[in-house]
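Peer 1:
Residue numbers (full-length UniProt numbering): 1 to 256.
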C-alpha cells in the first residue's frame, strides 16, 4: 500500500471545493476502503461543487465525526474494521447526517435492511457517477439542504399544515394556534422532521448510545408530541410506533 493509500485508510483526507463559496457547500463524508472507488466518487462530487472528506475505515470516520458533522455520509458496507450497518447506526445516532449506502451487496435482504435501518438510499456497485450525484442531490433536497445552501441554517419546517420554528422551539398548528415545545421534545421532533418516512431507534431520537432499556423518557416525549399534533393521540397517524424497531414520522417535510 502506498503512503497516500495508507493516509486514506488511516485518518481521512479533506477535499474542499474551490471558490469563495466553498464554505457554504454541503459536506459529504465518503467512507470507502477501495481507493479507486473513493477517487471516482470524490471526482464526481467535486465536479458538482461538493465539499468532501474521504475515509478508508469506519474508525477514522467516527473520529472525524466528533469534530465535524457532515450533511451526508456515503458508506461502503464492506469496510475492513467494522460492519457498515453498525457504522451507519453509530453515525445516525451521533448526527443528523443523511446516509447513502454504496456497496457491492446487491441482495434484496441487504437493501431492505439498509433502508429500514435509516439509509436514505442504496446504490449497488458498479455504479454510474452521474446517477450517484443525482441521488446525493435528491437526498439533500429531501432533507432540506440543496447543494450550495449553507449547512446548519435550517430553521423552519412545515408538514401537514404545521410549521416548526426550530430556533424558538415553537410549533404552529394549521389553525394558527402556537405551542411552545420543551427542549427535549424539540430534540425528538427535530430528529423526526430531519428524517421523515424512516424508522428511528430510541437512541437516534435521543442522540444517546447508552440509553438504558428501562429508560422511558423517550416515550414521555413522544406522548407529549402526539397530544399536540395528532388528531387522535391514541391512534397516531403521524408519529407511528414500529414495534421492535422504533418510531416513524409518516409525513412529508419541507424546509425553508
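Idealized CB from N, CA, C, for every residue including glycine.
Looking only at C-alpha atoms, which of 83, 246 and 71 sits nearest to residue 120?
Peer 2: If we check each option's Cα against that of residue 120, 71 comes out closest.
Peer 1: Quick check on the burial criterion: 16 or more other C-beta atoms within 10 angstroms. Buried or exposed for residue 269?
Peer 2: Outside the shown range of the chain (1 to 256) lies residue 269, about which nothing can therefore be said.
Peer 1: Given a threshold of 16 other Cβ atoms within 10 Å of its Cβ, counted over all protein chains shown, does residue 241 qualify as buried or as exposed?
Peer 2: With fewer than 16 other Cβ atoms within 10 Å, it is exposed.
Peer 1: Taking C-alpha atoms, which residue in 90, 157, 59 and 64 lies nearest to residue 33?
Peer 2: Considering only alpha carbons, the answer is 59.
Peer 1: Entirely within the region 154-214 and at least 4 residues each: give me those alpha helix (DSSP H) ranges in chain order.
Peer 2: You should have 183-194 and 202-206.
Peer 1: At which residue ranges does the region 58-132 contain complete alpha helix (DSSP H) runs of 4 or more residues, listed in the order of the chain?
Peer 2: Complete alpha helix (DSSP H) runs here, min 4: 58-65, 84-94 and 108-116.
Peer 1: Would you say the region 91-109 touches the region 160-177, given that touching needs at least three Cβ pairs under 8 Å?
Peer 2: The region 91-109 is not in contact with the region 160-177.
Peer 1: How many Å lie between residue 191 and residue 113 at the Cα?
Peer 2: Between residue 191 and residue 113, the C-alpha separation is close to 20 Å.
Peer 1: With three or more beta-carbon pairs closer than 8 Å as the criterion, would you say the region 234-249 touches the region 187-205?
Peer 2: These segments touch.
Peer 1: Relative to the C-alpha of residue 219, which candidate in 184, 55 and 69 has its C-alpha closest?
Peer 2: Residue 184 is the option with its Cα nearest to residue 219.
Peer 1: Looking at the structure shown, is residue 47 part of a helix, part of a strand, or coil, going by DSSP?
Peer 2: In the structure shown, residue 47 sits in a helix (DSSP, three-state: H, G or I).
Peer 1: Rounded to a whole number of angstroms, what is the C-alpha to C-alpha distance between residue 276 and residue 177?
Peer 2: Past the edges of the chain, shown from 1 to 256, lies residue 276, and the structure says nothing about it.
Peer 1: Alpha carbon to alpha carbon, how far is residue 40 from residue 95?
Peer 2: Roughly 26 Å between the two C-alpha positions.
Peer 1: Does residue 56 pass the burial test, meaning 16 or more other C-beta atoms within 10 Å, or should it be called exposed?
Peer 2: By the neighbour-count rule (16 or more Cβ atoms within 10 Å), residue 56 is buried.
Peer 1: Using the Cα positions of residue 151 and residue 53, report the straight-line distance between them to the nearest angstrom.
Peer 2: For residue 151, the predicted model reports a pLDDT of 48, less than 50, meaning its position is unreliable; a value from the coordinates is still stated below. Each residue's alpha carbon lies about 15 Å from the other.
Peer 1: Cβ of residue 253 within 9 Å of Cβ of residue 193?
Peer 2: In contact: residue 253 and residue 193 (Cβ atoms closer than 9 Å).
Peer 1: Taking the Cβ atom as the reference point for each residue, do residue 173 and residue 229 lie within a distance shorter than 9 Å?
Peer 2: Yes.
Peer 1: According to the Cβ coordinates, are residue 140 and residue 105 closer than 9 Å?
Peer 2: No, they are not a contact pair.
Peer 1: So the candidates are 224, 132, 160 and 159; which of them puts its Cα closest to the Cα of residue 43?
Peer 2: If we check each option's Cα against that of residue 43, 132 comes out closest.
Peer 1: What does DSSP give as the partner residues of residue 241 in its beta bridges?
Peer 2: BP columns for residue 241 point to 247.
Peer 1: Considering only the alpha carbon of each residue, which of 81, 82, 88 and 80 lies closest to residue 29?
Peer 2: Out of 81, 82, 88 and 80, 88 has the C-alpha closest to the C-alpha of residue 29.
Peer 1: Would you identify the three-state DSSP class for residue 253, choosing helix, strand or coil?
Peer 2: Residue state, collapsed to three classes: coil.
Peer 1: Report buried or exposed for residue 180, applying the criterion of at least 16 other Cβ atoms within 10 angstroms of its Cβ.
Peer 2: Exposed, because fewer than 16 other Cβ atoms sit within 10 Å of the Cβ of residue 180.
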